[in-house]
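Chemist: For reference, each letter of the sequence shown is one residue, going 19 to 134 in my numbering.
A virtual CB, placed ideally from N, CA and C, is assigned to each residue, including glycine.
Small disclaimer: the values here were computed from a predicted structure and weren't measured.
Have a look at this one.
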Amino acid sequence: QVQLVESGGDLVQPGGSLRLSCAASGNIISINNMGWYRQAPGKQREMVAIITRGGSAIYVDSAKGRFTITRDNAKNTVYLQMNSLKPEDTAVYYCNAYFVGVGSSWGQGTQVTVSS
Numbered sequence: 019q020v021q022l023v024e025s026g027g028d029l030v031q032p033g034g035s036l037r038l039s040c041a042a043s044g045n046i047i048s049i050n051n052m053g054w055y056r057q058a059p060g061k062q063r064e065m066v067a068i069i070t071r072g073g074s075a076i077y078v079d080s081a082k083g084r085f086t087i088t089r090d091n092a093k094n095t096v097y098l099q100m101n102s103l104k105p106e107d108t109a110v111y112y113c114n115a116y117f118v119g120v121g122s123s124w125g126q127g128t129q130v131t132v133s134s
């Protein structure tokens with residue numbers, strides 16, 4: 019069994035910053051890609067950023083230049099630094115990871131609300 023636990027979601031004003039964390043635990047052999055997705059009310063879940071084990075990253079266009087995804091392989095943790103937040107970034111943010119020998123797994127989500 020493996021588990022992903024997100025933290026760091028909060029209420030923040032437009033222009034503010036947040037750092038999300040997602041820690042993996044359990045019987046982990048190795049983790050390939052890790053990523054962040056988000057789902058706003060009434061919308062489909064969308065990819066925000068994905069990072070490979072080697073550190074290569076891709077971003078949704080709306081996050082480029084504002085968000086940065088990083089990971090600590092020793093801690094099995096992925097982070098999402100979000101700057102210059104906008105109201106349209108409001109969503110539940112989910113962590114995803116591909117575990118070798120297990121497959122893809124999701125966290126429970128953390129709420130990010132950007133509002134004045």
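Would you tell me roughly how many angstroms separate the C-alpha atoms of residue 127 and residue 65, rounded to the nearest one?
Modeler: For residue 127 and residue 65, the distance between alpha carbons rounds to 14 Å.
Chemist: Helix, strand or coil, according to DSSP, for residue 48 in the structure here?
Modeler: It is coil, neither helix nor strand.
Chemist: Spatial neighbours of residue 120 within its chain, please: C-beta separation below 6 Å, excluding the five flanking residues on both sides.
Modeler: These residues qualify, in order along the chain: 20.
Chemist: For the beta strand (DSSP E) containing residue 123, list its first residue and its last residue.
Modeler: From DSSP, the beta strand (DSSP E) with residue 123 extends over 121-124.
Chemist: Between residue 45 and residue 129, what straight-line distance do the alpha-carbon atoms span, to the nearest angstrom?
Modeler: If you take the alpha carbons of residue 45 and residue 129, they lie about 27 Å apart.
Chemist: Classify residue 109: buried if its beta carbon has 16 or more other beta carbons within 10 angstroms, exposed otherwise.
Modeler: Looking at its Cβ environment, which holds 16 or more other Cβ atoms inside 10 Å, residue 109 is buried.
Chemist: For residue 75, which of helix, strand or coil comes out of DSSP?
Modeler: Three-state DSSP puts residue 75 in a strand.
Chemist: If you check the beta carbons only, do residue 114 and residue 53 fall under 8 Å apart?
Modeler: Result yes, Cβ atoms of residue 114 and residue 53 sit closer than 8 Å.
Chemist: So for residue 58, helix, strand or coil by DSSP?
Modeler: Coil.
Chemist: If you check the beta carbons only, do residue 58 and residue 49 fall under 8 Å apart?
Modeler: It is not a contact, given that the beta carbons lie outside the stated cut-off.
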